[in-house]
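Asker:
Residue numbers (the numbering used here): 12 to 505.
Set out below in structure tokens:
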């Protein structure tokens, strides 16, 4: 007896247990049909069990000890454990409510082996045995927006965070980043602007991201590349408050997000905030007062009022040493630039000009020296000073999410031209980020390390050249520590 794969009338594949005698093929049992490699693996185990129970015949894996190695060949090795795990997490997060296997596989491939859509076609087949034509891929990409997948995914993640991560979602973090195109052609969405990737000559889009206290993504929005990041916070936080369905919400964001106008709008929307304060923009008298009260006392915290909100300032000697070092370096560069004004091609912090003549901005130098070591936080909450400072420092979690997006998911450069496929590309990246963060939160290790471990576990297709019988065998891991990690990963997929 052996296992045979056949194609069904519906276009799926099925496994059967068959035997051949005197040229006549007999089908002993139809095991079932499958669509994914994970489903295929389950059916193969059932088929092997049926063969052994029926006639006591050894499986091919058991036969290996009794046949010549020259009769055995490994025809294929694929990371099916990685696929089954990522597929299970995809479903666990609620993404399976959108029943599109093509989009699902594109998200899994983006996480496991990021590539352009052209290269992704081959990667999907080589890694997971999944084949889709280019037309099929692009057709599904174009359908996503019309079917409201972005909204479905965001709702699924919010529900998951509340129910499975036990987060009431009354506190969220917001920040923006930019993703560039290797293109100088502007559209309504693709445009030039301040590039966080230091690519001012390329068009870009601005991405606003909301995460919870663990860095788990809840919501994202896309803005034209020329959008000032401070103009993104109001529409995003209003929308996320509506989606979260909470009466009280605290949003934490960095200093670039805040302005007097934004403070007013957040107050009107009854949204609490903790943001970094731009101390250099404070009135001179207030800066002098803050500096004198802190008096370079390490760890000292004072509270004042600015724009009708609480202004909390903290002094750190470690921060002061770094600020001083940065100031002296910038001062030295400014002095060198003044000596050769014809070579000045960019803005220098401590240089100002009158006409064409550059000279040192001594007022700004004095202000920078007074503020060395001081960090400010602006808030309309009644939380304690230490809690406000601690929560603001948790902004590193959203920075980590941006790092995953850009490095592990290789979200940029973006190669798409049409706005609908650009937006779908970002939905795929967003979903991949959610899967990555779920694994990081549960495994307490980076997604880079998790994917490296997953790549070690391959499913090998073994064939008896003489009989044509085939079987699958997963890589045997001997290292006890690595085995424990793999079992923990396997449990996450159950």
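The beta-carbon is built from N, C-alpha and C at its ideal position, and this holds for glycine as well.
Scan the segment 247-302 and note each continuous beta strand (DSSP E) run of 3 residues or more that stays entirely inside, going in chain order.
Answerer: You should have 261-264, 283-287.
Asker: Could you tell me if residue 196 is buried or exposed, where buried requires 16 or more neighbouring beta carbons within 10 angstroms of its beta carbon?
Answerer: That one is exposed.
Asker: Roughly how many angstroms separate the alpha carbons of residue 138 and residue 491, rounded to a whole number?
Answerer: 26 Å
Asker: Determine contact between the segment 207-216 and the segment 173-185, defined as no fewer than three beta-carbon pairs at a distance below 8 Å.
Answerer: At 8 Å Cβ cutoff, the stretches do not touch.
Asker: Thinking just about the alpha-carbon of each residue, which of 38, 92, 236 is nearest to the one in residue 485?
Answerer: 92
Asker: In its own chain, which residues sit with a C-beta less than 6 Å from the C-beta of residue 65, not counting the 5 before and 5 after it?
Answerer: Within the same chain, and ignoring the five residues on either side of residue 65 in sequence, no residue has its Cβ closer than 6 Å to its Cβ.
Asker: With DSSP run on the structure shown, which of helix, strand or coil describes residue 109?
Answerer: coil
Asker: Would you say the segment 383-399 touches the segment 272-292, given that touching needs at least three Cβ pairs under 8 Å?
Answerer: yes
Asker: Can you tell me which of the three DSSP states residue 352 falls into?
Answerer: helix
Asker: On the CB-based measure, 16 or more other CB atoms within 10 Å of its CB, does residue 436 come out buried or exposed?
Answerer: buried
Asker: Could you check what DSSP says for residue 27 in three-state terms: helix, strand or coil?
Answerer: strand
Asker: Looking at the strands, I want to know which residues DSSP matches up with residue 475.
Answerer: 83
Asker: Looking only at DSSP bridge pairs, what is residue 41 linked to?
Answerer: 27.
Asker: Should residue 461 be labelled buried (16 or more other beta-carbon atoms within 10 Å of its own) or exposed?
Answerer: Classification of residue 461: buried, given that the 10 Å Cβ count is 16 or more.
Asker: Who are the Cβ neighbours of residue 452 in its own chain at under 6 Å, not counting the five residues just before and after it?
Answerer: 225
Asker: Can you list, in chain order, the stretches of the alpha helix (DSSP H) that have 4 or more residues and sit fully within the segment 384-410?
Answerer: Within the segment 384-410, the runs of alpha helix (DSSP H) at least 4 residues long that lie entirely inside it are, in chain order, 396-404.
Asker: Just tell me which of 457, 479, 413 has its CA closest to the CA of residue 218.
Answerer: 413
Asker: Can you tell me where the alpha helix (DSSP H) holding residue 231 begins and where it ends?
Answerer: Note, residue 231: premise wrong, no alpha helix (DSSP H); beta strand (DSSP E) at 228-235.
Asker: Counting only the same chain and skipping the five closest in sequence on each side, list residues whose C-beta sits under 6 Å from that of residue 257.
Answerer: 181
Asker: Among residues of its own chain, excluding the 5 on either side of residue 372, which ones have a beta-carbon nearer than 7 Å to its beta-carbon?
Answerer: Excluding its 5 nearest sequence neighbours in each direction, residue 372 has C-beta neighbours in its own chain below 7 Å: 361, 362, 363, listed in chain order.
Asker: Identify every residue that forms a DSSP beta bridge with residue 370.
Answerer: 363
Asker: Exposed or buried, residue 318, counting other C-beta atoms within 10 Å across all chains shown (16 or more means buried)?
Answerer: exposed
Asker: Counting Cβ pairs, one atom from each stretch, are 3 or more of them under 8 Å apart for the segment 436-449 and the segment 155-173?
Answerer: yes
Asker: Considering only the beta carbon of each residue, do residue 419 and residue 447 sit closer than 9 Å?
Answerer: Yes, the pair counts as a contact, with Cβ atoms nearer than the cut-off.
Asker: Quick one: what does DSSP say residue 133 is sitting in, helix, strand or coil?
Answerer: Under the three-state reduction of DSSP output, residue 133 falls in the helix class.
Asker: Please state whether the Cβ-Cβ distance between residue 312 and residue 301 is less than 9 Å.
Answerer: no
Asker: In three-state terms, what does DSSP make of residue 456?
Answerer: coil
Asker: Sort out for me which residues DSSP pairs residue 143 with in a bridge.
Answerer: Residue 143 is not bridged to any residue.
Asker: Spell out a yes or no on whether the segment 149-157 and the segment 107-122 are touching, meaning 3 or more CB-CB pairs, one atom from each, closer than 8 Å.
Answerer: yes
Asker: Answer with buried or exposed for residue 132, where buried requires no fewer than 16 other C-beta atoms within 10 angstroms of its C-beta.
Answerer: buried
Asker: The beta strand (DSSP E) spanning residue 323 covers which residue range?
Answerer: 320-326
Asker: In terms of alpha-carbon separation, which member of 198, 56, 142 lies closest to residue 483?
Answerer: Nearest in C-alpha terms to residue 483, of all of 198, 56, 142, is 56.
Asker: With distances taken between CB atoms, is the gap from residue 183 to residue 223 smaller than 9 Å?
Answerer: yes
Asker: Per DSSP, residue 481 is paired with what?
Answerer: 474
Asker: Which value, in whole angstroms, describes the spacing of the CA atoms of residue 239 and residue 201?
Answerer: Roughly 14 Å between the two C-alpha positions.
Asker: Could you pull the start and end residues of the alpha helix (DSSP H) that residue 176 belongs to?
Answerer: That residue, residue 176, is in no alpha helix (DSSP H); it is neither H nor E in DSSP.
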